[in-house]
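Take a look at the structure below.
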Amino acid sequence: MSTLLFYDEIDKPGLASLSTYHDIGGYSMLRKALDMEPQAIIEQLLASNVRGRGGAGFAMGRKASFLPKGDMDKYLVCNADESEPGTFKDRELMQKNPHLLIEGMAIASYAIGASRAYIFIRGEYMHQADVLDAAIAEAREAGFLGDRVMGSDYSLELWVHRGAGAYICGEETALLDALEGKRGNPRLKPPFPAIEGLYQGPTLINNVETLMNVPHILRMGGEKFAEIGTSGSTGTKVVCVSGCVRRPGNYEVELGTPTRDIIYGLAGGPPEGRKIKCWFPGGSSAPVLPGTDEYMDLPFDFESIAEAGSMLGSAAIIIVDDSVPIVDVALKTAKFYRHESCGKCTPCREGTNWTVKMLERIENGQATPMDLDIMASVCDQILGNCLCVLGDAMAMPISSMIKHFREEFEEHIEMARERNGLGAAIPVMNRDERGPDRSAEYSAVGH
Amino acid sequence: MPRPEINWITFSIDGREVKAPENAMLVDAAKYGDVEIPVFCYEPKLGQPVGACRMCLVEIEGIPKLQTGCSTPVKDGMVVHTQTERVHDAQRAVVEFLLINHPLDCPVCDKGGECPLQDITYGWGPGTSRYIEPKRHFVKPLELSPLIAIDRERCILCYRCVRFSQEISEDYQLILNERGAHSFVATFDGHPYVAPFTGNIVELCPVGALISRSYRFRARPWDIEGAGTVCTLCPSQCNVDLTVRDDRVLRVSARDNDEVDDGWLCDKGRFAFQHIHVDERITEPLMRQDGKLVPVDWDTALTAAAQALGEAGPRAAAIADGETTNEEAFLLQRLFRERLDCGNLSARPGGDLPLPLARGLADPALQATVPDLEFAHAVLLLDCDPIDDAPIFDLRLRKGVRRRDMNLVVASARPTALDANATTVLRHAPGTAEALLVALDAALSDDRGNLGGAASAAGSSAQAVQDLLEDLTSAGGDIVILYSERLFGGPRGPQAAEALLNVANRLNLTGEGAGLLEIPIGANGRGVREAGFAATHGPGFAPVANPGLATHGIAEALAEGQLSTLYLLHTDPLRHMSDGELWERALSSAQTVIAHESLMTETVATHADIVFPGEAYAEKEGTLVHPDGRVQRLRRAIGHPTPFNRHPGSGVRAGWQVISDLAKLLGLDFGVFAGSMASQQLFAAVPFFNGLTLDEIGGRGVRWPAREAARLAFGETSREPVALDVPPAAAVPSEDALRVGTFRPLWSSKEVDVSPILQYARPTQVVELSPVDAERFGVADGDKVEVGVNGTQVQGAAKLRHAVPEGTVFVAEGLSDASSSLFNYGTVQLRRLGGSAEESPINPIIGMPAIGESPFNPPRHELRESPPGTAPRMNE
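Sequences listed follow chains A and B, in order.
Just so it is clear: in the first sequence, position 231 is 231 by the working numbering, and no numbers are missing.
Add 447 to a position in the second sequence, counting from 1, and you land on the number used in the working numbering.
Now the structure itself:
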């Protein structure tokens, strides 16, 4: 039985209310923190080696230590814009245990010296935002927020800011722009938010789950916390399993648990008679991995998944079984990123659009295997050349699908061509042999 | 504020060691090693880089990912590669991406041939495209504004225009709508992009997406020549590059000069060039016969003028304004002083200052430069609004506030466009800038008595003056006072000048980076005066034996018949002088009015007896003096227009030549056979111009206050503050009488009146008043109202502005009709005449259409043509 930090009591009735939370020892860690030196808290975070749970997996303690010391307007921002397809962990955590997040944020704010903190919550999470608002009101009433927190000299204001429904606002700098009331477009980095973030002040941005770990780290002590999980990936992780499995849902596991235990054990594996074709280990922007034993045996932690050629991301496992054509998966994924690209930088804006159009051609039976090379090359041209990682988030899974399932793509192309009466995908030199001119249909695709 | 210091470092680019300023962006630093890194979105004038286009990716050793050269500051020892396969791949990728939705209609695109996208595609692109899908389509072209056409299919979404609107001109109108591949540039609610500086986005656009409608389909780059000169349409004297095809000016572009204009132009400067080629141009000499102006040959006109001037002798007078060059002013004052023994010369509508004051204000130590407006610790904007008086200064002040945290302190009667950027705003009563200066002087010298008295004379309070002073002086010692020549208008002009010099003295504005900066009323107001065209002094502020009459005196003397002949050099007194009614009488009483003018204005048509056709600025050669003392050169870009009779030599002649010929007929030979000889004479006659040559002035100009000759000419000047008296208090508004103030809108000029494309901006009379007063008088926004006193009335549309102080109205002056030059400061009665006045879609104050009254009403981005008769057509 692995350690549980969040899910041991998450279904306790009334946990979202202050009284129940207080009864199980809530806010005692805030009390403890307020008696500590801020630097000592950061030391604990560093010792715990807790890595960001939002996707990039950057060590939280290190990020917090980048913030300049001294008296200035600093900010803590909680990134609750959970929009990555397949990810739904923060939603449950915030809804069922909002005070843990508030306590974590209060401790983190105190540690970095911020007197203002924000929760930027995804616009669609209306219920969760209401829950948070209510919890914040309770906490303020009880003196855990506001002027002179718990009678100390430290004051903290915490606000919930509701997003307007753009995926890009989950990118930290776009989130800051949106929070400032601007259009949510990513900013150029450097300067990083830790130096110049919200309203040009030093800003620490962390995911909901990351901040919820903070009280636990303080309770257990950083070194003790680091004993959970593996040496590089400490702590537990809430894994969102979805797609073709029998028991989709959120499961908290210790990092380093074998993947097979999660997919087949906890989530029940694919439906009767199906096989796993591939899976996304960390949300739709992670490169897919095949469902073979080699990959099922991977320990589910940051290093192992990265070594296998993908990334842990937000730990949202999406299972694709053999009944789903890979082209559909690719098209669905690419369409999402085309829709969500902010349009600021060229490779992402044009590359996602182009990829979708090529995939649509494959689907319509108007492509040749050569288009796969072009598509792979376009993805390659996006990778690493964009302003933020949204472009990469499309390029990585699409490239990986072409890499692992090229044969299926080619088969799909041939079958779709046949369905379309276009014959085999061999170069055709004159118009008559190319079949009917369908260019008129295309014009509807653009605008 | 000290200018940023340059620290030179060495870095390696493509294997070569290159010296470059530390922290310069790699794109700029690379140029020191003759390496070009291609860019689209990067434009240093727009401020911080955004890194959006990704064209400038380079490889830096030690950093795994490619970095954008536009946003990476260069450091010592950095090793940069721009020619590796990785970089080439990335560059080819970005060009391929940019072109997939670009129509590639270069053969019919106006940008073709001078297009960065074209150049970069040739230089860095893959040469072919693998994209076979349908391209993105938009309805096109659309009218983004009366001046600009937008073709969204060509747009590469580089954000330059949007950044200009958001961060430079701060009109906040342009945005990107939608997102991803659907993004398009638009104003947020689809109304036309009308603002004072919109034309700059045409020049910023790196593709043919934004095209000026006056240039569309007019020429290709291989048809045209560029000609650098200086715009003379306002005192900003921006450096411009004229696009000339077949001896016609087709376009005006900025000729970046950081010391003058920072590379921007206002829409007046950019589009009013159309006045050069219109039917209203006077192309041959005219004389009044039987009440009508008829063409005559030059000999007849010159002889008649010489005779009139000769007969008048000391009873002649001349006034000059606008685009008059230093040389024209210098030669005409020589003619008047040396031959006619007459000193009735004036270029100041408000009257000339006594010599010691004129000289004191021109003291080189007190002169601030244009960049000082940006780098100063604090700027006092004293009763002027740069957006109307010298628009390009407006952008400079915004830049100072935005990028250098400068304290902008506004003290003005009328709300200014910069109020929102100001640290402090003080509203005084119209016409009481002098009282405000006296109050400032008192506050600086701790004279409590004068402070209270003067502050209340200015309609303000001692506390407000002290708060203003606190913000002005708290940031540091580099303080600039920006004021308008109008400060010296009226009978108390000399006292106002004394007060200003006192304040400058007490604030110790003699240091570098601090000083005074005057916005003259005429474009070359400063140069004309320094060339000696003034009642009180000769060239270079030399004393004169018998000072003549200044403008107001000339008008009175003419009206009473004491003067007989008036020479108008590029000026229209009915439009530009206060006391319009007096001037009406003066011009009617004058025996001979000689008008030297390029456009047939109402005044010329009604009052001139002899008309010399004048040159437009594109045809002129000569020198000007910028408000900050920079001597600049006008270079001839095109020939003179062909006269109707097409006889050689019968058309427009150079101004210096006309005056020189006139002098010859009166027996005075200047010995001037070329424009440059007139310049030489001027440089020799004005002590602080001594030693200047046209070569030295060159394309960038030379600030004379910074030259050695200036120090010699002025010597070590020191001035003790003088005792000031408190000026009379401002008129007090009462139940039925309101204070009145005037302003000259940016667009009120004869050039705008005749430029077809700017008709939308031609101002009509407005009466600005506060909503509180409007309610009291039962006036709604747009109602037709009349203001007046003692039988003098002006009618206009009521314009409700919250920022206008209660009890005050403002009316425009310098309009071609309904001019308010009838008023002096005081109070007026206001009367409502009826509902909405005649249609005036564009508010002349800042040139914005009233919401909902757009002349186009474009349905978002689908408009193809404007309704008939509302605006020039796309293809006109």
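C-beta: ideal position from N, C-alpha, C; glycine also.
| task | Tell me where the alpha helix (DSSP H) around Lys-182 (chain A) begins and ends. | result | From DSSP, Lys-182 (chain A) is part of no alpha helix (DSSP H); its letter is neither H nor E.
| Which of the residues in the region 373-406 of chain A, read from start to end, lie with their CB under 9 Å from any CB of chain B? | Flagged, chain order: Ile-374, Ser-377, Val-378, Asp-380, Gln-381, Ile-382, Gly-384, Asn-385, Cys-386, Leu-387.
| task | List the endpoints of the continuous alpha helix (DSSP H) containing Thr-1050 (chain B). | result | 1049-1054
| query | What number of angstroms, rounded off, separates the C-alpha of Arg-1022 (chain B) from the C-alpha of Arg-1191 (chain B)? | reply | 11 Å
| request: Examine chain A for any beta-carbon lying closer than 8 Å to the beta-carbon of Pro-1192 (chain B), and answer yes or no. | output: no
| task | Would you mind reading off the limits of the beta strand (DSSP E) that contains Thr-457 (chain B)? | result | 455-460
| field | Paired residues, beta bridge with Leu-929 (chain B) - DSSP | value | Looking at the DSSP assignment, Leu-929 (chain B) forms a beta bridge with B:Leu-828, B:Leu-964.
| So is Phe-1257 (chain B) in contact with chain A if we call contact Cβ pairs under 8 Å? | No Cβ of chain A is located within less than 8 Å of the beta carbon of Phe-1257 (chain B).
| query | Relative to the alpha-carbon of Ala-666 (chain B), which residue among B:Val-1275, B:Gly-1273, B:Arg-698 has its alpha-carbon at the smallest distance? | reply | B:Arg-698
| request: Step through the CB atoms of chain A and report whether any lies within less than 8 Å of the CB of Val-632 (chain B). | output: No, Val-632 (chain B) lies away from the interface with chain A (no Cβ there is under 8 Å from its Cβ).
| message | My parser needs the beta strand (DSSP E) runs of 3 or more residues fully inside the region 1152-1229 of chain B; what are they? | response | Considered as a whole, the region 1152-1229 of chain B harbours 1184-1190, 1213-1216 as its complete beta strand (DSSP E) runs of no fewer than 3 residues, in chain order.
| Which residues, in order along the region 565-588 of chain B, keep a beta-carbon less than 9 Å from a beta-carbon of chain A? | Arg-577, Tyr-578, Ile-579, Glu-580, Pro-581, Lys-582, Arg-583, His-584, Phe-585
| request: Look at Pro-803 (chain B) and Phe-1161 (chain B) and say whether their C-beta atoms are less than 8 Å apart. | output: Annotated as distal: Pro-803 (chain B) and Phe-1161 (chain B), with beta-carbon spacing of 8 Å or more.
| Residue span of the alpha helix (DSSP H) that contains Ser-1032 (chain B), given as start and end | Reading the sequence as shown, one finds Arg at residue 1032 (chain B) and not Ser. Per DSSP, Arg-1032 (chain B) belongs to the alpha helix (DSSP H) from 1027-1036.
| request: Taking Lys-357 (chain A) as the query, report the chain B residues whose CB atoms sit under 7 Å from its CB, ordered along the chain. | output: Glu-580
| Distance between Glu-1222 (chain B) and Ala-1208 (chain B) (C-alpha atoms, nearest Å) | If you take the alpha carbons of Ala-1208 (chain B) and Glu-1222 (chain B), they lie about 29 Å apart.
| What is the DSSP secondary structure of Asn-97 (chain A), counted as helix, strand or coil? | coil
| message | Quick check: the Cα distance between Pro-202 (chain A) and Met-60 (chain A), rounded to an integer number of angstroms? | response | 15 Å
| query | Looking at the C-beta of Leu-188 (chain A), does it have a partner C-beta in chain B at a distance below 8 Å? | reply | Against chain B, the CB of Leu-188 (chain A) has a partner CB under 8 Å away; the residue lies at that interface.
| request: For Tyr-21 (chain A), count neighbouring C-beta atoms within 10 Å of its own C-beta (all shown protein chains included) and say buried if the count is 16 or more, exposed if not. | output: buried
| Contiguous beta strand (DSSP E) assignments of at least 3 residues, all confined to the region 24-82 of chain A | 75-80
| His-161 (chain A), DSSP secondary structure in three states | strand
| request: Please confirm whether Ser-1123 (chain B) and Leu-1139 (chain B) have their CB atoms less than 8 Å apart. | output: no
| Who are the neighbours of Glu-350 (chain A) on chain B, taking C-beta pairs under 8 Å? | Those are Phe-544, Leu-545, Ile-547, Asn-548, Ala-628, listed as they occur along chain B.
| Looking at the structure shown, is Tyr-118 (chain A) part of a helix, part of a strand, or coil, going by DSSP? | strand
| query | Taking DSSP as the reference, what is the three-state secondary structure of Ile-1298 (chain B)? | reply | Confidence at Ile-1298 (chain B) is low in this model, with a pLDDT of 34, below 50, so its placement is unreliable and the value that follows should be read with caution. Reduced to three states, the DSSP call for Ile-1298 (chain B) is coil.
| Any chain A beta carbon closer than 8 Å to Cys-500 (chain B) | yes
| task | Enumerate, from N- to C-terminal direction, the unbroken beta strand (DSSP E) stretches of 3 or more residues contained entirely within the region 935-1003 of chain B. | result | Runs found: 962-966.
| message | On the criterion of 16 or more Cβ atoms from any shown chain inside 10 Å, does His-584 (chain B) qualify as buried, or is it exposed? | response | exposed
| field | Where the beta strand (DSSP E) containing Ala-1042 (chain B) begins and where it ends | value | 1039-1044
| field | Enclosing beta strand (DSSP E) for Cys-278 (chain A) [first to last residue] | value | 276-280
| said: Three or more C-beta pairs under 8 Å: does that hold for the region 69-86 of chain A against the region 247-262 of chain A? | reply: Of all C-beta pairs linking the region 69-86 of chain A to the region 247-262 of chain A, fewer than three are shorter than 8 Å, placing the two stretches out of contact.
| By a C-beta neighbour count over all protein chains shown, 10 Å radius and 16 as the cutoff for buried, is Leu-175 (chain A) buried or exposed? | buried
| In chain order, what residues of the same chain have a beta carbon less than 6 Å from the beta carbon of Ser-1263 (chain B), not counting five sequence neighbours either side? | Asp-1200
| request: Determine the DSSP secondary structure at Asn-1373 (chain B), reduced to helix, strand or coil. | output: No information on residue 1373 (chain B) is available, as it lies outside the stretch 448 to 1323 that chain B covers here.
| query | Which residues in the same chain have their Cβ closer than 8 Å to the Cβ of Val-327 (chain A), if we skip the five residues on either side of it in sequence? | reply | Hits under 8 Å: Leu-359, Ile-362, Glu-363, Glu-408, Phe-409, His-412.
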